[in-house]
Structures are given as structure tokens and as C-alpha cells.
Amino acid sequence: MAIVKDKVGIVSCSGEDLPEGTISRIATRIVLEKLRPDETVTICLPLFLAGSEDERAFARVFPTIAVDGCDKRCAEVGVKKYSGEPVATIVVSEIVKKYPRLKVKSRDNLSDEEKELANIIAETISKKVDEVLGRKSREV
Amino acid sequence: MSEEQKVAIVACAGMDKPLGSVARACAFKVVEVLKPEDSVLVCIPPLVAGVKPHSEWIKEYPIITIDGCPERCATKIVAKMGGKIRGRVFIPQSVQRHELRPKFSADIGLDGEKLAEKIADETALLIDKILRK
Chain E
33 MAIVKDKVGI VSCSGEDLPE GTISRIATRI VLEKLRPDET VTICLPLFLA
83 GSEDERAFAR VFPTIAVDGC DKRCAEVGVK KYSGEPVATI VVSEIVKKYP
133 RLKVKSRDNL SDEEKELANI IAETISKKVD EVLGRKSREV
Chain W
25 MSEEQKVAIV ACAGMDKPLG SVARACAFKV VEVLKPEDSV LVCIPPLVAG
75 VKPHSEWIKE YPIITIDGCP ERCATKIVAK MGGKIRGRVF IPQSVQRHEL
125 RPKFSADIGL DGEKLAEKIA DETALLIDKI LRK
């Protein structure tokens with residue numbers, strides 16, 4: 033099946049197990065709502081996993097980025113299983129390690145430090161979106 | 025308390041609708057604040073991927089599902105995986121009952137928080153009922 037390259041699907045870890053999951057979720061919303069609203073759509077991971085053919089078909093036809101909170105990589109595993117290889121996987125816990133001054137603690141309400149990390153992850157996702165669509169990265 | 029006397033909470037964590045975020049906030053209030061000794065939170069993606077302990081909890085414990093929209097993904101997934109559902113919470117009904125509407129998916133706002141608290145209280149009562157407390 034041909035891959036259509038004008039939108040990118042983002043499948044985010046729904047993040048109830050670890051704080052990094054919450055960061056991946058918020059970062060994804062920042063991309064969808066503020067940074068790349070015209071270029072991205074979200075694929076609801078629970079709906080995707082529950083068997084929604086619409087969500088799975090979208091991920092088969094459009095390039096999809098998996099945003100995972102930890103190295104269990106549940107979003108990536110789900111996309112691979114039901115729709116094929118994602119074009120990229122961003123693992124939040126790996127990026128967080130590069131910023132030891134920013135502490136990750138809460139699974140529920142994000143602190144200012146966690147919000148800063150969410151913005152950093154959102155920028156990373158946006159750059160990957162630009163790369164996938166073959167566009168020059170904009171300032172974010 | 026023995027390990028058998030717990031309830032597993034499986035909540036929609038859908039991020040494309042504010043009610044998914046309310047379901048998620050409600051689940052955290054139950055397992056972290058109201059019933060930390062009596063409940064565990066099952067995360068849907070690792071559950072489907074077969075990652076322990078999530079895949080074991082739904083075999084071991086009675087389950088309450090919290091669904092954020094009519095797709096009812098939490099309930100569908102648990103049913104598909106053979107879990108024993110003993111209680112169901114449907115957030116759209118709770119919105120009507122309490123007349124509180126969340127703002128956005130990323131920030132449910134004050135009314136969304138109040139709604140999550142009310143539903144969490146109801147869920148905690150449901151846990152007591154299941155565990156016959």
C-alpha cells in the first residue's frame with residue numbers, strides 16, 4: 033500500500049504507568065494543537081488497540097510516529113502489530129536522561145520542570161514531522 | 025491485606041477527547057489517593073502488549089472499567105482479554121449527572137478536576153462494594 037505524505041499520524045503512549053507517559057501525552061498535544069496543527073493528526077492508542085479499523089487503516093496509509101514513554105515501547109509495538117512499521121519512534125525516557133536537572137516525578141499533574149520537558153519532547157516530535165514530510169524545520 | 029483483595033482499574037486514556045483525560049485523572053485519584061491499598065491501575069498499552077504485571081492483574085483481580093466515550097475501549101479490551109468486569113463507569117453519563125464539563129484534553133480545567141473527583145468518589149464506593157467493605 034502506498035504511503036501518503038501530507039499528514040503524519042502520531043500515536044502516543046497513553047501513559048498511566050510512568051510520569052514519562054504523561055509527558056509523552058502532553059508533548060503530543062502541544063504538537064497537535066500548537067506546533068504542527070495542519071500537518072499532524074493523533075491516533076487514539078486505546079481505540080487503535082481495541083480494534084478500530086479506521087485508526088489502523090490511517091496508520092497503514094499515512095506515515096506514523098510512535099511516541100513512547102519508556103523502553104517497553106507499547107505504542108511502537110501496537111503500530112507494528114496492526115498497521116506496519118512506524119516511520120520513527122521517540123522514546124521519552126531516553127530524551128529525559130539528557131536533562132538530569134529536570135526531575136520527572138508525577139503521573140498526574142505536571143510540574144514546571146516536567147512541562148519544560150514536554151516542550152522539549154514536542155520540539156523533537158515537530159522536527160521529526162518536518163523530516164518525514166521533507167520540509168525544512170521551522171523555529172518552534 | 026492479601027493480594028487477592030484488590031480491584032484493578034482499567035481506564036480509557038484516550039487523548040483525542042477531554043473525557044479521556046477525565047477518565048485518566050479519575051483513575052489516578054482512585055489508585056493514588058482514595059484507595060491505594062485496595063486498587064491497582066492497569067495501563068492499556070502494556071496490557072495489550074502482554075507486559076507484566078498489567079497482563080497478570082486482569083486475570084487476578086475483579087475489574088472496574090472507566091470509559092471516556094461510546095467506543096468503550098477499556099471495556100472492549102478487558103472483555104477481549106478475558107478479564108472479569110465487576111463495575112463500569114461511563115464518563116459521558118457522569119458529565120450529564122454532575123453538569124460539569126472538562127475544558128480540553130491537555131488541560132481539563134477546574135470543572136474537569138471536580139468531575140474527576142466526583143467520579144473517583146463513586147468509583148471508590150464501587151470498590152468497597154466489590155470488596156464487601
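Going down the list, the sequences are from chains E and W.
In this text, residue positions in the first sequence follow this note's numbering: the first is 33, and each later residue adds one.
In this text, residue positions in the second sequence follow this note's numbering: the first is 25, and each later residue adds one.
Heads up, the beta-carbon is just placed ideally off N, CA and C, and yes, glycines get one too.
On the CB-based measure, 16 or more other CB atoms within 10 Å of its CB, does residue i come out buried or exposed?
| i | result |
| --- | --- |
| E123(W) | exposed |
| L43(W) | buried |
| D49(E) | buried |
| I74(W) | In the sequence on display, residue 74(W) carries Gly and not Ile. Exposed is the call here. |
| A89(E) | exposed |
| R121(W) | exposed |
| E61(W) | exposed |
| Y85(W) | buried |
| P199(E) | In the structure as shown, chain E begins at 33 and stops at 172. Residue 199(E) is therefore absent and cannot be evaluated. |
| L134(W) | exposed |
| G110(E) | buried |
| S26(W) | At S26(W) the pLDDT is 47, less than 50, meaning the model places this residue with poor confidence and gives no usable figure here. |
| V161(E) | buried |
| R133(E) | exposed |
| D91(W) | buried |
| V57(W) | exposed |
| P94(W) | exposed |
| K37(E) | exposed |
Determine, using beta carbons only, whether residue i comes closer than 7 angstroms to chain E.
| i | result |
| --- | --- |
| M25(W) | For M25(W), the predicted structure reports a pLDDT of 46, less than 50, and the residue's modelled location is therefore unreliable. A value from the coordinates is still provided. For M25(W), the answer is no, since every Cβ of chain E falls outside 7 angstroms of its Cβ. |
| V46(W) | no |
| F52(W) | yes |
| L58(W) | no |
| L65(W) | yes |
| K157(W) | no |
| V102(W) | no |
| V55(W) | no |
| A144(W) | no |
| E95(W) | yes |
| M105(W) | no |
How far does the beta strand (DSSP E) with residue i in it extend, from its first residue to its last?
| i | result |
| --- | --- |
| D100(E) | 96-100 |
| S118(W) | Unbroken run through S118(W) is the alpha helix (DSSP H), 115-122; no beta strand (DSSP E). |
| V64(W) | 63-66 |
| S44(E) | 40-44 |
| A130(W) | That residue, A130(W), is in no beta strand (DSSP E); it is neither H nor E in DSSP. |
Measure the beta-carbon distance from residue i to residue j and round it to whole angstroms, keeping in mind my assumption that it falls under 8 angstroms.
| i | j | result |
| --- | --- | --- |
| D40(W) | S118(W) | Not a contact, Cβ separation roughly 19 angstroms. |
| I87(W) | A32(W) | 5 angstroms |
| I42(E) | V99(E) | 6 angstroms |
| S63(W) | K30(W) | 6 angstroms |
| L77(E) | S44(E) | 7 angstroms |
| V40(E) | L165(E) | 7 angstroms |
Within the 7 angstroms Cβ cut-off, does residue i reach chain W?
| i | result |
| --- | --- |
| R92(E) | no |
| R61(E) | yes |
| P78(E) | yes |
| I122(E) | no |
| V172(E) | At V172(E) the pLDDT is 49, less than 50, meaning the model places this residue with poor confidence and gives no usable figure here. |
| V109(E) | yes |
| K102(E) | Sequence inspection shows Cys at residue 102(E); the Lys mentioned does not correspond to that position. With 7 angstroms as the cut-off, C102(E) does not count as an interface residue toward chain W. |
| R88(E) | no |
| D144(E) | no |
| I58(E) | yes |
| T74(E) | yes |
Starting from residue i and walking both ways along the alpha helix (DSSP H), at which residues does that stretch end?
| i | result |
| --- | --- |
| G136(W) | 133-154 |
| A91(E) | 85-93 |
| S56(E) | 51-62 |
| V46(W) | 42-52 |
| G110(E) | 106-114 |
| V124(E) | 124-128 |
Any heavy atom of the ligand PLP inside 6 angstroms of the beta-carbon of residue i?
| i | result |
| --- | --- |
| G111(W) | Absence of the ligand PLP from the depicted structure is noted, as is the absence of any ligand whatsoever, leaving it without description. |
- Task: Decide if the stretch 75-83 of chain E is in contact with the stretch 96-109 of chain W; the criterion is three or more beta carbon pairs, one per stretch, under 8 angstroms apart.
- Result: With the rule of 3 Cβ pairs closer than 8 angstroms, the stretch 75-83 of chain E counts as touching the stretch 96-109 of chain W.
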